[in-house]
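First to last, the protein sequences are chains A and B. Position one of the first sequence corresponds to residue 1 (the working numbering), numbered consecutively onward. Position one of the second sequence corresponds to residue 343 (the working numbering), numbered consecutively onward.
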Amino acid sequence: MELRPLAGGLTVVTGENGSGKTSLLEAIAYAGSLRSMRDSPRESLVRIGAERAVVRLEAADGARRTLLEIELAPRGRDRVLRNRQRVGRVQELVETLRTTVFSPDDLEIVKGGPERRRALLDDVVVAARPGLASTRQVVERVLRQRNTLLKSAGGRLSAEVAATLDVWDAQLAGAGTQLTEAREALLEEMGPAASAAFSQLAGTEAGLELSYRRSYEGDLGSALATGRTSDLRREATTVGPHRDELLISSAGLDARTRLSQGRQRCVTLALRLAAHEVVARYAGTTPVLLLDDAFSELDERTARALLEELPPGQAILTTAGGLPPGAKASGVVHLEGGRIVR
Amino acid sequence: MTKEDANRLARAIVEVKERTTICRTCFNVGVGERCAICADERRDPTVVCVVEDPRDIVAIERTREFRGRYHVLGGALSPIEGVGPDQLRIKELLRRIEPERVKEVILCTNPNLEGETTAMYLAKQLAPLGLRVTRIASGLPVGGDLEYADELTLGRALEGRREVQP
Numbered sequence: 001m002e003l004r005p006l007a008g009g010l011t012v013v014t015g016e017n018g019s020g021k022t023s024l025l026e027a028i029a030y031a032g033s034l035r036s037m038r039d040s041p042r043e044s045l046v047r048i049g050a051e052r053a054v055v056r057l058e059a060a061d062g063a064r065r066t067l068l069e070i071e072l073a074p075r076g077r078d079r080v081l082r083n084r085q086r087v088g089r090v091q092e093l094v095e096t097l098r099t100t101v102f103s104p105d106d107l108e109i110v111k112g113g114p115e116r117r118r119a120l121l122d123d124v125v126v127a128a129r130p131g132l133a134s135t136r137q138v139v140e141r142v143l144r145q146r147n148t149l150l151k152s153a154g155g156r157l158s159a160e161v162a163a164t165l166d167v168w169d170a171q172l173a174g175a176g177t178q179l180t181e182a183r184e185a186l187l188e189e190m191g192p193a194a195s196a197a198f199s200q201l202a203g204t205e206a207g208l209e210l211s212y213r214r215s216y217e218g219d220l221g222s223a224l225a226t227g228r229t230s231d232l233r234r235e236a237t238t239v240g241p242h243r244d245e246l247l248i249s250s251a252g253l254d255a256r257t258r259l260s261q262g263r264q265r266c267v268t269l270a271l272r273l274a275a276h277e278v279v280a281r282y283a284g285t286t287p288v289l290l291l292d293d294a295f296s297e298l299d300e301r302t303a304r305a306l307l308e309e310l311p312p313g314q315a316i317l318t319t320a321g322g323l324p325p326g327a328k329a330s331g332v333v334h335l336e337g338g339r340i341v342r
Numbered sequence: 343m344t345k346e347d348a349n350r351l352a353r354a355i356v357e358v359k360e361r362t363t364i365c366r367t368c369f370n371v372g373v374g375e376r377c378a379i380c381a382d383e384r385r386d387p388t389v390v391c392v393v394e395d396p397r398d399i400v401a402i403e404r405t406r407e408f409r410g411r412y413h414v415l416g417g418a419l420s421p422i423e424g425v426g427p428d429q430l431r432i433k434e435l436l437r438r439i440e441p442e443r444v445k446e447v448i449l450c451t452n453p454n455l456e457g458e459t460t461a462m463y464l465a466k467q468l469a470p471l472g473l474r475v476t477r478i479a480s481g482l483p484v485g486g487d488l489e490y491a492d493e494l495t496l497g498r499a500l501e502g503r504r505e506v507q508p
């Protein structure tokens with residue numbers, strides 16, 4: 001299907017459940033990150049029975065037009081072209097297209113496990129500083145390599161395992177420290193914006209406190225060395241950026257356990273708005289807003305407050321029902337069975 | 343393709359399979375016990391360039407910048423793929439150093455995570471032998487734009503900086 005969203009305003013995509021609305025947003029977000037916005041496994045990004053999925057997208061930044069083409073197969077690497085040239089690094093895609101996604105699943109950022117909050121932070125790190133896209137990938141890959149090595153060691157620290165662990169640890173310490181420091185710096189910048197947005201959305205005096213808790217003290221290299229024995233026993237890496245925590249609270253109450261679900265929704269919206277603002281400031285360009293059924297779970301007051309808080313720029317909103325009260329659509333398309341019918 | 347062409351192609355494949363061997367010294371592909379590079383007396387045996395794969399030798403040879411010998415590891419460290427030091431020809435490399443009076447080892451593994459990790463591992467293994475160990479410079483591509491370099495590459499390029507002769 002082909003969509004021509006309007007450059008400045010709000011494009012609304014309507015259609016019943018299963019008509020392909022979310023897939024459309026997923027395709028846009030994927031083109032700028034090579035990651036699923038819903039954390040879906042790779043196989044499920046390609047229609048069942050199809051050999052591959054193709055996303056073709058033209059991004060405009062002022063007068064400059066950039067054509068992105070991504071071909072993904074259920075297995076293996078994506079084939080990525082930018083202006084018909086092969087692209088080797090995710091960084092080049094991020095520099096072309098940044099998106100901010102709002103989705104009902106976002107509630108999991110507050111309610112779910114710490115990996116969701118780390119993923120949010122890492123998305124912000126990469127969108128704000130695309131040069132760190134490879135750092136994020138290296139951290140993920142070193143961890144897989146190191147954990148596989150720990151498993152194969154079967155709890156024994158032979159001279160060979162020790163020598164090999166030394167070099168993987170050095171790699172993890174380097175990339176891991178770079179990622180952690182970038183997360184901390186960006187979180188610091190997100191703090192005030194998130195707090196102000198939360199007060200507005202929730203209609204309260206109380207703001208939001210964001211803090212980062214490392215899984216280790218001192219430098220990561222020494223922490224890995226100290227934790228080696230226990231890592232071997234547990235066959236897993238117990239310190240590093242993948243074990244750090246983003247803690248969120250409002251007026252001292254832990255957002256995960258002590259806030260009502262309505263307030264938790266406001267927290268996720270505030271985090272997304274703050275992320276959007278920080279990325280726009282770093283990148284010097286406004287990310288495209290992808291609002292996946294973003295208003296359906298909100299009460300009318302919060303929906304109105306969100307509409308007021310949403311920054312200007314290009315936005316694409318999907319909805320199975322009507323428009324949120326007060327929203328002005330610049331264009332509407334309707335989907336049926338994966339096709340645009342009008 | 344005619345039947346005759348098909349037969350010729352088939353014979354060529356069989357001939358390649360029968361004639362090519364792995365060099366006993368450096369593990370490059372060749373004909374006979376030693377590859378053409380190891381057999382070439384004009385090449386400097388005291389400098390050994392370590393690569394992951396015989397195809398890397400082809401690429402380096404094309405530059406005509408290197409007149410030493412090679413050593414093919416047969417891959418890079420990658421526990422995910424079941425490759426540890428024992429699966430690579432590392433012991434064979436260490437055994438070459440003394441008899442061949444190697445003075446310098448150039449680590450030419452790929453500039454990706456596994457290649458870098460393998461280079462780091464080899465540097466540690468070679469350190470006690472008291473020879474010069476160098477790593478191929480990795481960083482900005484010639485003609486590349488500083489603005490578009492990712493931070494890992496840029497960081498590595500900074501680490502590997504050198505003096506500019508006035």
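Every residue gets a Cβ at the ideal spot worked out from N, C-alpha and C, and that includes glycine. Treat the numbers as computed from the prediction; the structure is a model and nothing was measured.
{"Query": "Provide the residue span of the beta strand (DSSP E) that contains Pro387 of chain B, from first to last.", "Result": "Asp386 to Val393"}
{"Query": "Please tell me whether Thr459 of chain B has its Cβ less than 8 Å away from any Cβ of chain A.", "Result": "yes"}
{"Query": "For the alpha helix (DSSP H) that Arg301 of chain A lies in, which residues bound it at each end?", "Result": "Glu300 to Glu309"}
{"Query": "Any idea if Asp106 of chain A is buried or exposed, counting beta-carbon neighbours within 10 angstroms, 16 or more meaning buried?", "Result": "buried"}
{"Query": "Here's a check: name, in chain order, each residue in its chain whose Cβ is nearer than 8 Å to the Cβ of Val279 of chain A, leaving out the five neighbours to either side.", "Result": "Arg98, Thr100, Val124, Ala127, Ala128 and Pro287"}
{"Query": "Would you report the Cα separation of Gly15 of chain A and Arg258 of chain A, rounded to the nearest angstrom?", "Result": "36 Å"}
{"Query": "With DSSP collapsed to three states, give me the class of Glu58 of chain A.", "Result": "strand"}
{"Query": "Between which two residues does the beta strand (DSSP E) harbouring Arg82 of chain A extend?", "Result": "Arg79 to Arg82"}
{"Query": "What residues of chain A sit near Glu434 of chain B, judged by a beta carbon separation below 8 Å?", "Result": "Residues of chain A passing the Cβ test: none, with the nearest at roughly 16 Å."}
{"Query": "Mapping the DSSP letters down to three states, classify Arg64 of chain A as helix, strand or coil.", "Result": "strand"}
{"Query": "Kindly indicate which residue of A:Val54, A:Thr302, A:Asp39 and A:Pro41 has the alpha-carbon position closest to the one of Met1 of chain A.", "Result": "A:Val54"}
{"Query": "In terms of alpha-carbon separation, which member of B:Arg503, B:Leu435 and B:Cys450 lies closest to Leu471 of chain B?", "Result": "B:Leu435"}
{"Query": "Report all residues from its chain with a CB closer than 7 Å to the CB of Cys365 of chain B; omit the five preceding and five following residues, and keep chain order.", "Result": "Gly372, Arg376, Cys377 and Cys380"}
{"Query": "Candidates A:Arg156, A:Ala255, A:Arg47 and A:Ala175: which alpha carbon is nearest Arg498 of chain B's?", "Result": "A:Ala175"}
{"Query": "Using DSSP with H/G/I as helix, E/B as strand and the rest coil, what is Leu172 of chain A?", "Result": "helix"}
{"Query": "With the cut-off set at 8 Å, would you say Val13 of chain A and Ile316 of chain A are in Cβ contact?", "Result": "yes"}
{"Query": "Buried or exposed, going by whether 16 or more other CB atoms sit within 10 Å of the CB of Leu157 of chain A?", "Result": "exposed"}
{"Query": "Taking contact to mean 3 or more Cβ pairs, one atom from each stretch, closer than 8 Å, check whether the region 422-432 of chain B and the region 442-450 of chain B are in contact.", "Result": "no"}
{"Query": "Thinking C-beta only, is Gly49 of chain A closer than 8 Å to Gly338 of chain A?", "Result": "no"}
{"Query": "How big is the Cα-Cα spacing for Leu24 of chain A and Thr237 of chain A?", "Result": "37 Å"}
{"Query": "Closest to Glu309 of chain A by C-alpha separation, out of A:Val341, A:Ala162 and A:Ser195, would be which residue?", "Result": "A:Ser195"}
{"Query": "What residue ranges within the region 391-452 of chain B form continuous alpha helix (DSSP H) runs of no fewer than 4 residues, ordered along the chain?", "Result": "396-405 and 432-439"}
{"Query": "Is Ala315 of chain A helix, strand or coil by DSSP?", "Result": "strand"}
{"Query": "Measuring only between beta-carbons, confirm whether Leu186 of chain A sits less than 8 Å from chain B.", "Result": "no"}
{"Query": "Just the Cα atoms here: how many angstroms apart are Ser152 of chain A and Arg42 of chain A?", "Result": "27 Å"}
{"Query": "Is it a yes or a no for the region 189-204 of chain A touching the region 298-306 of chain A, going by three-plus beta-carbon pairs under 8 Å?", "Result": "yes"}
{"Query": "Quick one: grab the DSSP three-state call for Tyr216 of chain A.", "Result": "coil"}
{"Query": "I want to see whether chain A comes within less than 8 Å of Ile422 of chain B, judged by CB atoms only; does it?", "Result": "yes"}
{"Query": "Since I believe Thr451 of chain B is in contact with Val392 of chain B (beta carbons under 8 Å), could you give me their beta-carbon distance rounded to a whole number of angstroms?", "Result": "7 Å"}
{"Query": "What does Pro427 of chain B touch in chain A if you count any residue whose Cβ is under 8 Å from its own?", "Result": "Glu160, Ala163 and Thr164"}
{"Query": "Report the start-end ranges of each beta strand (DSSP E) in the region 196-245 of chain A that is 3 residues or longer and not cut off at the edges.", "Result": "209-213"}
{"Query": "Do you know whose CA, among A:Val138, A:Gln137 and A:Ala163, lies nearest Leu364 of chain A's CA?", "Result": "Given a span of 1 to 342 for chain A in the structure shown, any question on residue 364 of chain A remains unanswerable."}
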